[in-house]
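J.: In the numbering used here, each residue carries its 1-based index in the sequence shown increased by 807.
Here's a structure for you.
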Amino acid sequence: MPDIFAQSLAKPLVLVHALAGFVAAATAIHLAVHATTGLRRGAFPARGRTYAVVMASAFAVCVATGLAAYPSFRVHIRGLFLDRFAPAMTAVFEIKEHLGALVVPFVALALILERAARTERSAHSAKLFVTTAWIAAATLAACVVMGLVVTMERGV
């Protein structure tokens, strides 16, 4: 069998991928709750900036490690097992990946809008920030759950 990129690092990469996904989802949920509270109170404390930066950074690590681990996953897990014996899990994985791609602009917008909501004191910016934060939180949490479901079926 030909060499596969980062094959020897697949397990640690997937572990870091999962941990970064957990951190991204957890901080996105914190950010969304923080944003909702700030909207109700009419003020957004600077702590939200920390949540937004951690969420975006963890998401970037999650994407990078997922990309690095994918070749090994594609050959050994998906190609040899999931496509043959668990096609429903292949579908779950694909949905997770597509949701992960679709959440990119929401993570970026939440990072940008957090500052706008905190500094501009605009009701429109604040509502857009809250909506964006909740979309990012829900999507990242769904990705984590789907990733766990696929991993329970067959991990690297």
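Even for Gly, the Cβ is constructed at its ideal location relative to N, Cα and C.
In this text, all values refer to a predicted model and were calculated from it rather than measured experimentally.
Using C-beta distances below 6 Å, list every residue in its chain close to residue 865, excluding the 5 sequence neighbours before and after it, in chain order.
T.: Along the sequence shown, read from residue 1 onward, the residue named residue 865 stands at position 58. Correct list, in chain order: 827, 830, 831.
J.: Pick helix, strand or coil for residue 878, following the three-state DSSP scheme.
T.: Locating residue 878 in the sequence shown gives position 71, counting from the first residue. Correct three-state label for residue 878: helix.
J.: By DSSP, does residue 812 sit in helix, in strand, or in coil?
T.: Within the sequence shown, numbered from 1, the residue matching residue 812 stands at position 5. In the structure shown, residue 812 sits in coil (DSSP, three-state: anything other than H, G, I, E or B).
J.: Output yes or no for whether 8 Å exceeds the beta carbon distance between residue 897 and residue 885.
T.: Mapped onto the sequence shown, residue 897 falls at position 90. Mapped onto the sequence shown, residue 885 falls at position 78. Yes, the pair counts as a contact, with Cβ atoms nearer than the cut-off.
J.: Does the structure place the region 877-893 close enough to the region 943-951 that three or more beta carbon pairs sit under 8 Å?
T.: Output reads no: the region 877-893 does not touch the region 943-951.
J.: Just how far apart, CA to CA, sit residue 907 and residue 924?
T.: The residue you call residue 907 lines up with position 100 of the sequence shown. The residue you call residue 924 lines up with position 117 of the sequence shown. Rounded to the nearest angstrom, the two C-alpha atoms are 25 Å apart.
J.: Mind checking which residues open and close the alpha helix (DSSP H) that includes residue 936?
T.: The sequence position of residue 936 within the sequence shown is 129, counting from 1. Element bounds for residue 936: 930-960.
J.: Once DSSP output is grouped into helix, strand and coil, what is the label at residue 894?
T.: For the purposes of this step, residue 894 is taken as the residue at position 87 of the sequence shown. In this structure, residue 894 counts as helix in the three-state DSSP scheme.
J.: When the Cα atoms are used, what is the spatial distance from residue 839 to residue 854?
T.: Here residue 839 corresponds to residue number 32 of the sequence shown, with the count starting at 1. Here residue 854 corresponds to residue number 47 of the sequence shown, with the count starting at 1. Computed Cα separation, rounded: 12 Å.
J.: Give me the Cα-Cα distance between residue 934 and residue 846, rounded to the nearest whole angstrom.
T.: The sequence position of residue 934 within the sequence shown is 127, counting from 1. The sequence position of residue 846 within the sequence shown is 39, counting from 1. Cα to Cα, residue 934 sits roughly 7 Å from residue 846.
J.: Go through its chain and collect everything with a Cβ distance to residue 817's Cβ below 6 Å, but skip five positions before and after it.
T.: Taking the sequence shown and counting its residues from 1, one reaches residue 817 at position 10. Only 876, 879, 963 meet the Cβ criterion.
J.: Where do the N-terminal and C-terminal ends of the alpha helix (DSSP H) with residue 833 fall, by residue?
T.: Numbered from 1 along the sequence shown, position 26 holds the residue referred to as residue 833. From DSSP, the alpha helix (DSSP H) with residue 833 extends over 817-848.
J.: Which word fits residue 850, buried or exposed, when buried means at least 16 other C-beta atoms lie within 10 angstroms of its C-beta?
T.: Within the sequence shown, numbered from 1, the residue matching residue 850 stands at position 43. Label assigned to residue 850: exposed.
J.: Grouping DSSP H, G and I as helix and E and B as strand, with all else coil, what is residue 911?
T.: In the sequence shown, the residue the question calls residue 911 occupies position 104. Residue state, collapsed to three classes: helix.
J.: Can you tell me whether residue 851 is helix, strand or coil according to DSSP?
T.: Translated into positions along the sequence shown, residue 851 becomes position 44. Looking at residue 851 - three-state DSSP - the assignment turns out to be coil, as it is neither helix nor strand.
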